[in-house]
Amino acid sequence: MILNFEEFPEIWFHMRRQPHPAGQYFYSGDRQMQESIVQQGVDLMLFGMGTVFVFLTILVIATVIMSGLVGRFFPEAEKPAAPVAVAPGQVDARTRAIIKAAIDKHRAG
């Protein structure tokens, strides 16, 4: 079969080879397709990174707002005053009685 390139100019366009600077040959349609695929990849990458950035920004803002609301409406309870420390070796009578009862119960089995 003999192709008449005058009747089908699109065939001639796709079969025409263009030299590449590295010495390789690419069909002109392949080069355009590769550039298109790279552009689509860059677009998809930027869209994905933008989506993640927006989501994380919203997450941080929501966390800061919730932290402020919890701090305002549910404040931390005041810590009770620390008990008065007794000097080492001195135990009051009530504590001594409790310790003695616990030891006796433990020894009794």
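Mind the numbering: the sequence shown is residues 1 to 109 in the UniProt record's numbering, read in order.
Ideal placement from N, C-alpha and C gives every residue a C-beta, glycine not left out.
Inter-residue spacing [alpha-carbon to alpha-carbon] between residue i and residue j
| i | j | result |
| --- | --- | --- |
| residue 105 | residue 95 | 15 Å |
| residue 91 | residue 81 | 20 Å |
| residue 102 | residue 88 | 21 Å |
| residue 35 | residue 61 | 39 Å |
| residue 40 | residue 53 | 20 Å |
| residue 78 | residue 98 | 30 Å |
| residue 93 | residue 108 | 22 Å |
| residue 73 | residue 50 | 35 Å |
| residue 58 | residue 67 | 14 Å |
| residue 70 | residue 83 | 30 Å |
| residue 47 | residue 76 | 43 Å |
Which runs of the alpha helix (DSSP H), 4 residues or longer, sit entirely within the region 63 to 87?
-> none
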